[in-house]
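Numbering (my numbering), first residue to last: 115 to 352.
Virtual Cβ for every residue (Gly too), placed ideally from N, Cα, C.
Quantities reported herein were computed from a predicted structural model and do not represent experimental measurements.
Notes follow the structure.
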Amino acid sequence: MSATEEKEQAVSGQAEQGKEGGEQAAGRAEIKPTSTLSRAKLLKFLVLPLLVFGAGFVVNLFIGWVIFPRLLYSEKDQPIDFSHKIHVEAVEEGCESCHFFGEDGTFSGVPGAEKCAECHEERIGIHPEEAKLVEEYILPGKEIPWHIYARQPNCVYFSHAAHIKMAKLECVTCHGPVGESIHVKRYQQNRITGYSRDIWGWRISGIKTNSWDRMKMDDCADCHKKSGARNDCFVCHK
Ligand code: HEC
Ligand code: HEC
Ligand code: HEC
Ligand code: HEC
Ligand code: HEC
Numbered sequence: 115m116s117a118t119e120e121k122e123q124a125v126s127g128q129a130e131q132g133k134e135g136g137e138q139a140a141g142r143a144e145i146k147p148t149s150t151l152s153r154a155k156l157l158k159f160l161v162l163p164l165l166v167f168g169a170g171f172v173v174n175l176f177i178g179w180v181i182f183p184r185l186l187y188s189e190k191d192q193p194i195d196f197s198h199k200i201h202v203e204a205v206e207e208g209c210e211s212c213h214f215f216g217e218d219g220t221f222s223g224v225p226g227a228e229k230c231a232e233c234h235e236e237r238i239g240i241h242p243e244e245a246k247l248v249e250e251y252i253l254p255g256k257e258i259p260w261h262i263y264a265r266q267p268n269c270v271y272f273s274h275a276a277h278i279k280m281a282k283l284e285c286v287t288c289h290g291p292v293g294e295s296i297h298v299k300r301y302q303q304n305r306i307t308g309y310s311r312d313i314w315g316w317r318i319s320g321i322k323t324n325s326w327d328r329m330k331m332d333d334c335a336d337c338h339k340k341s342g343a344r345n346d347c348f349v350c351h352k
């Protein structure tokens, strides 16, 4: 068969089919191309973009949730691993043995090394962190450079007496369960703002489930509003 003959046969075949099939063939001819087209369209305009979006979303979530906080915060170790649990049992007056109000009403804050020396003038146990305390700080008479998780910037005025003696608040409301801790956590500092992470907030999402998750201006002001305390600028900024 020559090429032209072949062509002719095919054309006549099609013509016959067309005659026979009538509407049926026309219907088939209509449905088939559109259905393959819509599948291709579906892939192109819905599935692929969804996949790309999904992958992008997961990558960004990972960057936002895992990588970004690591880049944003620098971490520092506390000088000594201090167990609140051991010490709250070892002292006589609980928290107030170390965190108390002076006669003038000022709060003592973190105790100095001379407080520790009351019991650790020389080693009393076999714990390596205790050895560090005695050898690096108590014997040479050096202060222990603790990082303060709750430290506010210098422009902020804060008074423990107002909150503990007057408002009768618990330490845990603002600090979380530090008093029950067995180990110190690493101190995290925001590289951009210089704020401690306990001020700037632990959740990247900004959601707050505990009163101590964050302590920015709005967090102080929210409680002041709720409890009817003064909220003028100069209350917290002298
Ligand atoms: C033997 C002394 C001692 C006793 C008792 C003690 N603390 Fe402390 N506290 C410390 C030292 C030292 C630090 C600094 C290291 C650290 O952050 O754990 C500290 C830090 C803290 C901080 C963190 C402040 C900050 O923002 O960095 C809080 C809150 C606190 N103590 C609460 C308590 C509470 C509540 C109790 C009682 C349940 C208590 N402490 C009992 C010695 C003591
Ligand atoms: C009332 C006495 C007393 C005071 C005050 C005291 N300690 Fe202790 N400390 C103890 C006892 C008791 C132990 C447990 C010793 C053991 O069996 O290893 C201990 C253990 C330790 C240890 C090892 C266990 C651990 O990880 O906590 C460290 C570190 C330590 N103390 C640091 C300090 C520092 C810092 C201070 C001052 C802020 C301080 N202590 C004040 C009684 C005291
Ligand atoms: C209303 C919130 C609030 C409450 C309640 C509170 N604190 Fe604080 N605490 C703070 C803030 C804010 C700072 C930081 C102050 C600053 O930077 O000047 C701080 C700082 C501290 C420090 C470090 C001080 C220093 O400069 O060395 C210690 C220790 C501490 N608090 C212990 C306690 C204890 C113990 C209690 C319970 C008796 C308590 N706090 C209750 C908000 C609170
Ligand atoms: C959980 C509630 C709460 C939080 C959080 C809180 N405060 Fe207060 N604050 C109070 C209450 C209640 C008073 C009023 C106490 C009184 O005089 O009876 C007060 C009083 C004060 C006062 C004294 C006001 C005066 O009239 O002299 C200052 C200053 C202050 N707060 C600053 C702060 C700062 C700064 C923060 C955040 C770092 C903060 N507070 C977080 C409840 C809170
Ligand atoms: C209840 C306490 C409170 C009151 C009231 C308050 N502030 Fe603040 N402010 C803070 C705290 C805590 C910070 C530090 C944490 C932060 O930046 O959110 C701060 C931070 C700031 C800063 C940023 C300073 C810096 O170094 O980044 C400015 C500006 C400021 N406050 C202005 C004001 C003005 C203006 C008012 C009155 C409309 C006011 N504040 C009322 C507690 C308070």
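Backbone CA spacing between residue i and residue j [nearest angstrom]
{"i": "R300", "j": "E228", "result": "24 Å"}
{"i": "C269", "j": "K199", "result": "33 Å"}
{"i": "K352", "j": "D346", "result": "11 Å"}
{"i": "M329", "j": "A154", "result": "53 Å"}
{"i": "L165", "j": "G178", "result": "19 Å"}
{"i": "S188", "j": "H297", "result": "19 Å"}
{"i": "D336", "j": "G226", "result": "33 Å"}
{"i": "E119", "j": "L156", "result": "Low confidence applies here, because E119 scores a pLDDT of 46, under 50, leaving its location unreliable and the question unanswered by this model."}
{"i": "R305", "j": "H338", "result": "29 Å"}
{"i": "S197", "j": "V161", "result": "55 Å"}
{"i": "W314", "j": "F182", "result": "14 Å"}
{"i": "E210", "j": "V202", "result": "10 Å"}
{"i": "S222", "j": "E206", "result": "17 Å"}
First and last residue of the uninterrupted beta strand (DSSP E) at residue i
{"i": "K190", "result": "Y187 to K190"}
{"i": "N174", "result": "Run containing N174: none in the beta strand (DSSP E); it sits in the alpha helix (DSSP H), L162 to F176."}
{"i": "Y271", "result": "Segment: none, Y271 is in no beta strand (DSSP E) and carries neither H nor E."}
From the options, residue whose alpha carbon lies closest to that of residue i
{"i": "E235", "options": "E250, V172 and H297", "result": "E250"}
{"i": "A343", "options": "Q302, L283, N304 and A154", "result": "L283"}
{"i": "S310", "options": "A281, Y263 and I181", "result": "Y263"}
{"i": "C367", "options": "R317, H277, N174 and A231", "result": "No answer is possible for residue 367: it lies beyond the span of the chain, which begins at 115 and ends at 352."}
{"i": "K279", "options": "Q302, F176 and T220", "result": "T220"}
{"i": "A195", "options": "C350, Q303 and V292", "result": "Ala is not the amino acid found at residue 195; the sequence shown has Asp there. Closest by alpha carbon: V292."}
{"i": "D312", "options": "D332, G290 and E207", "result": "G290"}
{"i": "F214", "options": "R317, S295, S273 and N324", "result": "S273"}
Simplified DSSP assignment, three categories, for residue i
{"i": "E221", "result": "Per the sequence shown, the amino acid found at residue 221 is Phe instead of Glu. Residue state, collapsed to three classes: strand."}
{"i": "F159", "result": "helix"}
{"i": "F214", "result": "coil"}
{"i": "S310", "result": "strand"}
{"i": "Y301", "result": "strand"}
{"i": "K340", "result": "helix"}
{"i": "L247", "result": "helix"}
{"i": "E235", "result": "coil"}
{"i": "K256", "result": "coil"}
Limits of the alpha helix (DSSP H) - the one that residue i falls within
{"i": "V349", "result": "C347 to C350"}
{"i": "V286", "result": "C285 to H289"}
{"i": "H241", "result": "Careful: H241 lies outside any alpha helix (DSSP H) and carries neither H nor E."}
Just the residues with CB closer than 5 Å to a heavy atom of ligand 1, in chain order, which are they?
-> For ligand 1, the selected residues are F196, H201, V202, V205, C209, S211, C212, V224, W260, I262, Y263, A264, C285, H289, V292, G293 and V298.
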